[in-house]
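Notes follow the structure.
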Amino acid sequence: MTEPLTTEQRETLRRALETESEDLREAIRSEVLAADLHRAEDLADQVRDPGDESVVDLLADIEYADIDRHVQQLRANEAAQRAWHQGGYGICVDCGEPIPFERLEAYPSAARCLTCQAATEKAGGPPPRL
């Protein structure tokens, strides 16, 4: 059985969550600005080859997928920070057991222990809540 987090571990993870949140917000901001810039460049381009257009569309889809992925990670981070403030951080949302410090250290926003995360993924459940 995994031991609950120590005060020092909780504080280390709180700082990691804050840093992760700042990094994700900056990544989202940068990606949104870059996507807007590319859209403006597309509008300025009057002549476009159909092949070029499909490449531009693909690149836009990739940019938006990156933004969406970072937004999902930020939501998971915010949920973890709420849990931290409410005293439930580090407890698996499925089995109620403590999540090992090593897992939280690697993925501070983890909401599930490895066993429950693997079971969720195997069952085709919601995307991983790292």
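If you want the working numbering, it's the 1-based position in the sequence shown plus 15.
C-beta atoms are modelled at their ideal positions from N, C-alpha and C, and glycine is treated no differently.
Asked	Found
C-beta atoms of Thr17 and Glu112 nearer than 8 angstroms	yes
Cα-Cα separation, Ser36 to Arg90	9 angstroms
Cβ neighbours of Val108 in the same chain (closer than 7 angstroms, five flanking residues each side left out)	Ala126 and Arg127
Start-to-end residues for the alpha helix (DSSP H) that takes in Glu112	Looking at the DSSP string, Glu112 is not in any alpha helix (DSSP H), and its letter there is neither H nor E.
Limits of the unbroken alpha helix (DSSP H) element including Thr21	Unbroken run through Thr21: none, as it is neither H nor E.
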